[in-house]
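**Student:**
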Amino acid sequence: MVRMLLDSGAQIQARTTSKQTAIYRATWVGHTRTLLLLLEKPFQLFKAENRGIGSFQSSEVTGEATQPALDLESVALIAGKLEHETLAFVLNEIGEYVPITEELAKAAAGNNRYGKETMMILFEKYGERVPITEEVVKAAATNTGSGKQVMTILFEQRGTSVPVTEDVFKAASMNMCHGKEVMAFIFEQQSSTDTPVSEKDKWVDVITPVMCEWQL
11 MVRMLLDSGA QIQARTTSKQ TAIYRATWVG HTRTLLLLLE KPFQLFKAEN
61 RGIGSFQSSE VTGEATQPAL DLESVALIAG KLEHETLAFV LNEIGEYVPI
111 TEELAKAAAG NNRYGKETMM ILFEKYGERV PITEEVVKAA ATNTGSGKQV
161 MTILFEQRGT SVPVTEDVFK AASMNMCHGK EVMAFIFEQQ SSTDTPVSEK
211 DKWVDVITPV MCEWQL
């Protein structure tokens, strides 16, 4: 049905302000095949019209390029809810126009089923530009499906520069599925580094009550 409508000339609205566009709804409910059909023609048109011109942000600021087939909110939604292959497709098609933002990294870190793979796609695409902020680490800590896997990727990529704060441990303590694994992993990373003893003592004070409660 979607293919029939598109072939008959149906117009696709990509902006998500109202959260009622076909693209947004297909992403929200997880209809990957429908989403890919909806994106096929808009991607082709956007790339043809804007080859070599700016990015998401510059096109909005300068007006030199038309809007891409997706806005940043939709890309973040895809990163947070759908299979990692879908994000890979989007970035392969219009990745040069998609800036890496905290919201995009946060969404990927919180992807319950495909968090590890989705984060790896971002690192492969953007490298050192991927912002690993406290909010991103908290998203990984609260990930009830693949939290430890995502956290492992973060430490593999950034090592001691991963921001580990009291709020990160508190966030992990709210993860009733894998929180204890996430906290144990973080604590192990902290213990194996040259973190000052005073800092380690602070994390012990934060994590010990929860570890005792969960008999970790």
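Numbered according to our numbering, the sequence shown spans residues 11 to 226.
Even glycine gets a Cβ: it sits at the ideal position worked out from N, Cα and C.
Can the beta-carbon of Thr-128 be found closer than 8 Å to that of Ala-89?
**Tutor:** Yes; because the gap between Cβ atoms is below 8 Å, this pair is in contact.
**Student:** Go ahead and label Thr-154 buried or exposed: buried means 16 or more other beta carbons lie within 10 angstroms of its beta carbon, across all protein chains shown.
**Tutor:** So Thr-154 counts as exposed.
**Student:** Could you tell me which of Gly-105, Val-85, Ala-182 and Thr-152 sits nearest to Ala-136, measuring between CA atoms?
**Tutor:** Here the sequence assigns Tyr to residue 136, which means Ala is not the residue at that position. Closest option to Tyr-136, Cα to Cα, is Gly-105.
**Student:** Quick one: what does DSSP say Ile-104 is sitting in, helix, strand or coil?
**Tutor:** In this structure, Ile-104 counts as helix in the three-state DSSP scheme.
**Student:** Take Ala-86 and list the residues in its own chain whose beta-carbon comes closer than 6 Å to its own, dropping the five residues that flank it on each side.
**Tutor:** Glu-113, Leu-114 and Ala-117, listed in sequence order.
**Student:** Using 8 Å as the threshold, is the C-beta distance between Lys-148 and Val-192 below it?
**Tutor:** Cβ atoms of Lys-148 and Val-192: not closer than 8 Å.
**Student:** So Thr-111 packs on Leu-132, CB below 8 Å; how close in whole Å?
**Tutor:** Going by Cβ atoms, the distance from Thr-111 to Leu-132 rounds to 11 Å, so no, they are not a contact pair.
**Student:** Exposed or buried, Glu-176, counting other C-beta atoms within 10 Å across all chains shown (16 or more means buried)?
**Tutor:** Its Cβ having fewer than 16 others within 10 Å, Glu-176 is exposed.
**Student:** What separation, rounded to the nearest whole angstrom, lies between the Cα atoms of His-188 and Pro-141?
**Tutor:** Between His-188 and Pro-141, the C-alpha separation is close to 24 Å.
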